[in-house]
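Going by the numbering used here, the first residue of the sequence shown is number 19, and it counts up by one from there. A virtual CB, placed ideally from N, CA and C, is assigned to each residue, including glycine.
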Amino acid sequence: AVDEDEVVSLFSKGFECQQLQCFDDIKNEPKFLRAGVDFIEKATYCLHKTGA
19 AVDEDEVVSL FSKGFECQQL QCFDDIKNEP KFLRAGVDFI EKATYCLHKT
69 GA
């Protein structure tokens, strides 16, 4: 497992990093619901590709 600072350091060039809030993001994200995800045990990060 890695913490948010490590994820940011690994992907700082070209990606925006956001730590997902497990319950809110599962409840509000259709792709998790379609996949049957109802619980995330570890911290999960969303990486958005930037123009950098």
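Checklist entry - Which ranges would you report for the alpha helix (DSSP H) in the segment 28-65 if only whole runs of at least 4 residues count? => result For the segment 28-65, whole alpha helix (DSSP H) runs of length 4 or above, ordered along the chain, are 40-46 and 48-52.
Item to check | TYR63 to GLN37 span [Cα, whole Å] | outcome: What you label residue 63 is simply residue 45 of the sequence shown in a count that begins at 1. What you label residue 37 is simply residue 19 of the sequence shown in a count that begins at 1. Answer to the nearest angstrom: the Cα atoms are 4 Å apart.
Checklist entry - In terms of alpha-carbon separation, which member of GLN39, HIS66 and GLY69 lies closest to ASP56? => result Looking up residue 56 in the sequence shown gives position 38. Closest in alpha carbon position to ASP56, among GLN39, HIS66 and GLY69, is GLN39.
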